[in-house]
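First comes the structure, then the notes that go with it.
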Amino acid sequence: MKLILLGAAGSGKGTMAKKISADFKVPQISTGDMFREIAKQGGTLGEKVKKLMASGSLIPNEITFEVLKKRLEKDDCKNGFILDGFPRSLDQAEMLKNVTDVDAVISIELPFSELEKRLVNRRICSFCGDIDNVSYEGYTGDCRKCGKKLFQRDDDKPEAIKNRLEVYKKSVTPLINFYGDKVMTVSSAGSPEETYAPVKTFLSKLEAKA
Ligand code: ADP
Ligand code: ZN
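Just so you know, we're using my numbering here: the sequence shown kicks off at 2 and counts up by one.
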């Protein structure tokens, strides 16, 4: 199954991708994760990527295309994949079309005010990578899963958030139109489980048809 997941930052896109990946046995391909890895490695490319990401701007297409193409050529993508964070523009959708077709597009929706709130409160564990937040009684700055220190992503700071959400808003409508009746829309206002349930049903039917 070849899938695309659309959703703004804070929509729960990563969580959803993990669930789909586990249930339908397809690798989760997150361009954001790949770029964070490249940024960590440093060098000319790493520094450039790091700077762009910190401000909430997109990475240039020629870099993004190359990174993604290489990833899609790996063996584990033979039976499908779930793209998380790609495509982010019509150009990227056209590029993908030249490489492979897709079976379905899941679009996660949530009002921007809610996304903003989730993002400023979001914290990541420096050790286990879990996604946590500051909005509960008795927050200490430590991970609730493993006890290690939480940190805030550079692009979860208010200036960058605004930019990221604006960039997303501009890109998503043309993408929804581009993929037409392949798109399934779901609200993530409820819990992760509530959000995932209709998606699982939809994908199970799709899988049965194939
Ligand atoms: P989020 O969706 O939470 O903003 P991601 O982890 O998907 O974050 O992406 C983080 C950053 O990585 C983006 O702000 C952008 O700089 C870069 N990035 C990820 N995917 C793409 C892409 N398809 N094209 C260009 N830049 C990308
Ligand atoms: Zn942890």
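Ideal placement from N, C-alpha and C gives every residue a C-beta, glycine not left out.
Because the structure is a prediction, the values reported are computed rather than measured.
**Item:** Best match in T65, G44, L176 and G139 for proximity to D34 [C-alpha to C-alpha]
**Value:** T65
**Asked** Taking S114 as the reference, which of A40, E95, K71 and K170 has the closest Cα?
**Response** K170
**Prompt:** Taking contact to mean at least 3 C-beta pairs separated by less than 8 Å, is the segment 115-127 in contact with the segment 94-107?
**Reply:** no
**Prompt:** Between which two residues does the beta strand (DSSP E) harbouring K3 extend?
**Reply:** K3 to L7
**Prompt:** Using CA coordinates, which residue listed in E38, G86 and T32 is at the minimum distance from A9?
**Reply:** G86
**Closer than 7 Å: I60 CB and nearest the ligand ADP heavy atom** = yes
**Asked** Would the C-beta of P28 count as close to the ligand ADP, meaning under 7 Å from any of its heavy atoms?
**Response** no
**Request:** Determine the direct distance from the alpha carbon of L59 to that of V184, and round the result to whole angstroms.
**Result:** 23 Å
**Prompt:** Mind checking C129: buried by the 16 CB within 10 Å criterion, or exposed?
**Reply:** exposed
**beta strand (DSSP E) segment containing N1, residue limits** = Any question about residue 1 goes unanswered here, given that the chain covers just 2 to 211.
**Asked** What residue ranges within the segment 126-209 form continuous beta strand (DSSP E) runs of no fewer than 3 residues, ordered along the chain?
**Response** 132-134 and 184-188
**Item:** Per-residue DSSP class, three states only, for R123
**Value:** strand
**Item:** Selected residue, minimal CA-CA separation from K79, among V27, E138 and A209
**Value:** V27
**Message:** Measuring alpha carbon to alpha carbon, tell me which residue in K201, D156 and V168 is nearest M54.
**Reply:** D156
**Straight-line gap, R145 to D131 (C-alpha atoms, nearest Å)** = 9 Å
**Item:** Assigned exposure category for V50 - 16 Cβ within 10 Å defines buried
**Value:** buried
**Inter-residue CB distance, P193 and T16 (contact presumed, cutoff 8 Å)** = 5 Å
**Prompt:** Where DSSP assigns a beta bridge to S108, which residues make up the other side?
**Reply:** L7 and T186
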